[in-house]
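For the sequence shown, the residue numbers in my numbering are -8 to 218. Ideal Cβ placement from N, Cα and C applies to all residues, glycine included.
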Amino acid sequence: MKHLLPTIVAADDERIVFYRDFYRIVKSFKTWVPIIAVVSIGASFIIFGDQIFGVFERNSSAESAVTAKGKGSVADQPVFTPFKSPWQLPELRFMNRKNREISLQAFRGSYVLLNVWATWCAPCREEMPALDRLQEKMGGPDFHVLPLSIDEAHPEIIRKFYEDLGIESLYVYHDPTGSAYSKLILPAIPATILLDRDGRGMGYVVGPVEWDDREIVDEIRNFMSAG
C-alpha cells in the first residue's frame, strides 16, 4: 500500500478495550498475575484468533497489490480503523516541551492526531518526518499533531532526535513514567488515534504511515467533516 508502510495492524477496537481491561485486572490482583496472564492469553487467542489471522492475511494481500503496482495504492482500503462508537479516552497526563505536566484535556476544542512513539522504535523514526510535514500542512487552531514519546530518557534526548531528523513543526510531549501509555494499553507502537473536539477517539491505526500523503490527508479531513 502506498500510504501504509509494512507493519502488523491491530484487528479492531475490541482488542484495545480487551488489553486495557486485562491490564486493570492484573493491577488489582497482583498475586494472581501468572495465572491470570496464562488464562487471558489463551482466551484472547480463542476470542480474537480468527480476527488476528484474518488481519495478517488482509495486510499481506494489500502489500502484495502495492508491490505489483509499484507506486500505486489500494484506494478502497482506508488507513484508519474507525471505532464502533466514539471512544472517550481516559484522562492522560504527560509533560510538555517545557517539562511541565499537562493533560490531554488541554487540547479540547481541536481535532488531535495522538501519535504514541519512542526514539528507540525504528518504525516511529520512519514516519516522524511525515508527521512533521502533516503538522506543517494542517496544524492550527482546529488540528494538532500530538507526538507522545514514551521514552524514559530526559526530554533533551527527544529534542536531539528531532534535530537529527530535521523536525521543525512538532512539539515535544513526553510520558517518562508511562502513566499515559499504560492507560491506553496499545498493542504496539507507533500507534495513532484521531480524536474529535471532545477528546473522543474516532479511529486508529497501528504502524508507520506516510501521514502527508494526499489520500491520508483527505481521510483525516473526512473524519473532521463528519465529526
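Cβ neighbour criterion (16 or more within 10 Å) applied to residue i
i	result
Leu175	buried
Ile165	The sequence shown places His at residue 165, not Ile. His165 is buried by the Cβ-count criterion.
Ile207	buried
Ala97	exposed
Gly63	Residue placement at Gly63 is flagged as unreliable, the pLDDT there being 38, under the threshold of 50; the coordinate-derived value follows with that caveat. The residue is exposed, with fewer than 16 neighbouring Cβ atoms inside 10 Å.
Asp189	exposed
Trp108	buried
Asp123	buried
Leu185	buried
Glu118	buried
Leu83	buried
Glu92	exposed
Glu201	buried
Distance between residue j and residue i (C-alpha atoms, nearest Å)
i	j	result
Gly192	Glu154	30 Å
Gly169	Gln126	25 Å
Ala182	Glu147	23 Å
Asp203	Pro178	24 Å
Leu137	Ser94	12 Å
Glu159	Ala113	20 Å
Ala171	Ser140	10 Å
Phe71	Arg150	28 Å
Pro199	Cys115	6 Å
Gly194	Leu104	10 Å
Ser76	Phe214	13 Å
Thr110	Leu80	24 Å
Phe152	His135	20 Å
Ser173	Asp187	21 Å
Ile211	Glu143	31 Å
Asp133	Leu156	26 Å
Val197	Phe74	13 Å
Pro69	Asp209	11 Å
Ser216	Gly130	16 Å
Tyr102	Ala121	18 Å
His145	Pro167	8 Å
Ile180	Asn106	9 Å
His99	Lys128	What sits at residue 99 in the sequence shown is Arg, not His. Near 20 Å, if we compare the C-alpha coordinates of Lys128 and Arg99.
Trp78	Arg205	26 Å
Backbone secondary structure at residue i - three-state DSSP
i	result
Leu161	coil
Ala171	helix
Leu186	strand
Pro138	strand
Contact with chain C by residue i, beta-carbon distance below 8 Å
i	result
Glu159	Chain labels in this structure do not include chain C; a single protein chain is all it has.
Length-filtered (4 minimum) alpha helix (DSSP H) runs lying within the stretch 55 to 130: For the stretch 55 to 130, whole alpha helix (DSSP H) runs of length 4 or above, ordered along the chain, are 113 to 129.
Contact between the stretch 72 to 88 and the stretch 157 to 164 (3+ Cβ pairs under 8 Å): With the cut-off at 8 Å, the stretch 72 to 88 and the stretch 157 to 164 touch.
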